[in-house]
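Scroll down for the structure; my scribbles are underneath it.
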Amino acid sequence: MADFSRLPGPNADLWDWQLIAACRGVDSSLFFHPEGERGAARSAREASAKEVCMRCPVRAECAAHALAVREPYGVWGGLTEDEREELLGRARHRTPAPGSASPAPAAAPAPEEAPTRTPTPHN
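Okay, so the sequence shown: first residue is 293 according to the working numbering, each after it adds one.
And the structure:
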């Protein structure tokens, strides 16, 4: 008989924040660029996506998730692909404080500090 005590417990609590995300029901093409999109068109789409994120009650959770899993595509928690890459790059190149083993991991910026674009999960 299987030992069910060794199985991981339910993890809905890790994803439930998505149920109240402002982006739920919004066309995902707002948050993810089409192939070859550049310049003004990309900037305008990202700004529109971030407007959705700015009013989202779970923006911080979304940004933290995208940073934690190193989400490579789209606008998540008000952060574009490039903004997340920059934040993660800074964390990688940060020198450890004296007496610490390694640099602190990147954290999601507070809502008032985050850039104006807000990425969100699309369900």
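The beta carbon of each residue, even a glycine, is placed where N, CA and C say it ideally should be. This one's a predicted model, so the numbers in the text were calculated from it and none came from an experiment.
Using CA atoms only, rank isn't needed, just tell me which of the options is closest to residue i.
i, options, result
"Cys315", "Ala360, His357 and Glu343", "Glu343"
"Asp308", "Val350, Ala332 and Gly317", "Val350"
"Ser434", "Gly328, Ile312, Ala341 and Arg334", "A query on residue 434 cannot be resolved here, the shown segment of the chain reaching from 293 to 415 and no further."
"Leu306", "Pro364, Thr372, Ala360 and Asp374", "Ala360"
For residue i versus residue j, is the C-beta spacing smaller than 8 angstroms?
i, j, result
"Gly370", "Met346", "yes"
"Ala358", "Arg376", "yes"
"Cys348", "Ala313", "yes"
"Ala383", "Trp368", "no"
Please classify residue i as buried or exposed, where buried requires at least 16 other C-beta atoms within 10 Å of its C-beta.
i, result
"Leu379", "buried"
"Glu338", "buried"
"Glu327", "exposed"
"Leu322", "buried"
"Glu329", "exposed"
Report yes if the C-beta of residue i is less than 7 angstroms from at least one heavy atom of the ligand NAP; otherwise report no.
i, result
"Ala339", "This structure lacks the ligand NAP; in fact it carries no ligand of any kind."
Task: Ordered list of alpha helix (DSSP H) runs contained in the region 327 to 355, each at least 4 residues - done: Fully enclosed alpha helix (DSSP H) runs of 4 or longer: 331 to 346.
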